[in-house]
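Residues in the sequence shown are numbered consecutively from 1, following UniProt numbering. Don't be surprised by glycine CBs; every beta carbon is placed ideally from N, CA and C. Structure, as structure tokens:
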Amino acid sequence: MPGAAPWGPWGPPTRRTGRSPRPCRAAPDMGEPEELVPDSGAVFTFGKSKFAENIPSKFWLKNDIPAYLSCGDEHTALITGNSKLYMFGSNNWGQLGLGSKATISKPTCVKALKPEKVKFAACGRNHTLVYTEEGNVYAAGGNSEGQLGLGDTEERTTFHLVSFFTSRYKIKQLSAGSNTSAALTARTLNI
């Protein structure tokens with residue numbers, strides 16, 4: 001909106017007096033909007049997005065405590081302390097892995113991955129990668145440049161196993177970019 005203050009109509013955030021601030025854990029691989037996870041289990045979202053205001057706003061999950069976040073262009077992956085994956089945001093390419101392309105404004109559990117314990121996720125521009133404690137890598141979303149690692153360029157609206165990485169290779173880190181993805185393993189792969 002032209003002439004609007006960068007913090008919206010309410011002005012910049014202010015600190016409440018009489019209460020000490022709560023420590024927050026950093027949210028790695030943050031994109032837009034930025035997100036912070038305080039130790040209390042609330043998630044604060046803020047930044048330029050059709051899903052969030054410029055001012056920090058918070059939400060909680062009813063029965064789970066958030067432990068890890070990753071933000072893509074306009075979508076977010078949230079992993080709870082009990083290893084469940086929740087996704088929300090824009091879903092034009094199926095990057096939420098929920099089986100459709102409908103936009104989801106509230107965190108929704110990815111039931112297809114419930115049998116496995118999700119360890120971490122990486123959100124790209126329009127795709128998402130997930131790593132589980134069982135050693136599996138899953139991918140969903142846009143795939144125009146083969147960024148899902150599935151051997152083709154077809155988009156996926158549900159999470160598909162990336163068979164190149166099996167449980168014999170421990171993944172230390174996943175990263176998802178615009179049309180690229182990368183995986184760092186704990187040992188050298190003999191290809």
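1. With contact counted as at least three CB pairs below 8 Å, one residue from each stretch, are the segment 99-108 and the segment 166-173 in contact?
2. Around the Cβ of K172, are there at least 16 other Cβ atoms within 10 angstroms (buried) or fewer (exposed)?
3. Based on the DSSP output, what are the partners of Y68 in its beta bridges?
4. Could you tell me the alpha carbon to alpha carbon distance between Q95 and I79, rounded to whole angstroms?
5. Roughly how many angstroms lie between the CA atoms of R125 and D73, to the nearest whole one?
6. Drop a sphere of 10 angstroms on the beta-carbon of T76, count the other beta-carbons inside from all chains shown, and report buried for 16 or more, exposed for fewer.
7. Less than 8 Å between the CB atoms is what I'm expecting for C109 and S70, so what's the real figure, rounded?
8. What's the C-alpha gap between V137 and T128?
Working from what's here:
1. No, because fewer than three Cβ pairs between the segment 99-108 and the segment 166-173 fall closer than 8 Å, the two stretches do not touch.
2. Under this definition K172 is an exposed residue.
3. The partner list for Y68 (beta bridge, DSSP) reads I79.
4. Their backbone Cα atoms lie some 15 Å apart in a straight line.
5. Spanning the alpha carbons of R125 and D73 requires a straight line of approximately 5 Å.
6. Buried, since its Cβ has 16 or more Cβ neighbours within 10 Å.
7. Rounded, the Cβ-Cβ distance is 16 Å, inconsistent with contact.
8. T128 has its alpha-carbon roughly 10 Å from the corresponding atom of V137.
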